[in-house]
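Here's the structure, in structure tokens; my notes come after.
And the structure:
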């Protein structure tokens with residue numbers, strides 16, 4: 208299936224923008240909106256499709272048949288890639304961190320294998336070097352970096368700028384993992400201030416990525432990382448649950464939960480002037 212046909216038939220694009228309301232926002236004279244990239248698709252949600260789109264389009268145009276990428280045992284990126292490859296007719300290989308794992312280690316790995324992805328479990332030292340096992344034929348493949356990071360992903364994020372063109376958002380906020388979405392927003396949005404909430408203790412990596420891609424960074428906050436990646440502190444879990452009850456929007460404590468927690472805290476601390484319109488990018492991460 209052609210990628211444009213796939214988008215038209217199966218994806219909800221452009222994604223919706225919903226305003227959310229809170230006593231805190233009223234008190235501070237601020238309006239908050241959420242760009243619902245989590246609703247693009249039940250599986251290829253959030254920034255996952257944004258970052259994969261250009262790689263897939265290049266693969267189709269150049270008749271590549273194989274998509275290869277990297278991720279951990281619960282990688283949203285690989286989960287989305289496995290499904291997209293199945294739907295669009297590509298072979299797919301996921302190089303998984305942890306040679307002690309198997310496809311039966313969790314439901315997500317099992318599902319990725321069921322969708323046809325070849326799962327290659329490698330040692331952590333090999334994974335750190337991003338080595339591709341010798342038995343994998345890369346001759347007709349596109350190799351996608353962990354999390355989709357790269358110039359093609361930055362290009363995909365540009366579509367967000369097109370979708371909000373002409374709307375008056377002075378501030379855009381998003382969570383930061385590899386920094387691809389954040390840097391893509393910094394690259395494509397000239398008039399809005401871009402705020403990134405770190406979800407990992409990887410500020411130096413983000414700065415390095417910014418230099419590599421030639422994109423100046425803007426505001427980055429490291430106060431909302433909480434604990435080691437994928438751990439779920441009670442305070443953050445409770446916040447996510449209360450947020451969903453109030454706004455009927457699901458968030459999770461690894462990425463979007465930290466972003467919204469940080470946003471509330473920044474508003475409370477008067478980071479934004481009264482009268483500001485803030486757009487929070489919901490980058491998905493909710494597996495059904």
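Residue numbers (the working numbering): 208 to 495.
Note that beta-carbon positions come from the ideal geometry of N, C-alpha and C, so glycine has one too.
Look at residue 434 here: in three-state DSSP terms it is coil, with no helix or strand label. Residue 413 is bridged by DSSP to nothing; it lacks a bridge partner. Looking from the CA of residue 241, the closest CA among 441, 457, 479 and 301 belongs to 457. Nearest Cα to residue 309 within the set 291, 299, 296 and 330: 330. Under the three-state reduction of DSSP, residue 306 is assigned to coil, being neither helix nor strand. Contact annotation: residue 337 and residue 277 have beta-carbon atoms nearer than 8 angstroms. Taking the Cβ atoms as the reference, residue 222 lies roughly 6 angstroms from residue 246, within the contact range of under 8 angstroms. Our two residues, residue 315 and residue 321, have alpha carbons roughly 10 angstroms apart in a direct line. Under the DSSP definition of a beta bridge, residue 226 partners with 240.
Runs of the beta strand (DSSP E) spanning 3 or more residues and lying entirely within the region 241-289 occur at 273-278, in chain order.
Residues of the same chain with a CB within less than 7 angstroms of the CB of residue 466, apart from the 5 flanking positions on each side, are 380, 381, 382, 404 and 487 in chain order. Here residue 252 is buried, its C-beta having at least 16 other C-beta atoms within 10 Å. Of the candidates 376, 257 and 475, the residue whose Cα lies closest to the Cα of residue 358 is 257. Secondary structure of residue 458 (DSSP, three-state): coil. Under the three-state reduction of DSSP, residue 356 is assigned to coil, being neither helix nor strand.
By the neighbour-count criterion, in which 16 or more other beta carbons inside 10 Å mark a residue as buried, residue 243 falls on the buried side. Only exposed fits residue 476, as fewer than 16 other CB atoms lie within 10 angstroms of its CB.
Straight-line measurement puts the Cα of residue 442 at about 36 angstroms from the Cα of residue 372.
Judged by their CB atoms, residue 290 and residue 274 are not nearer to each other than the 8 angstroms cut-off. Only exposed fits residue 444, as fewer than 16 other CB atoms lie within 10 angstroms of its CB.
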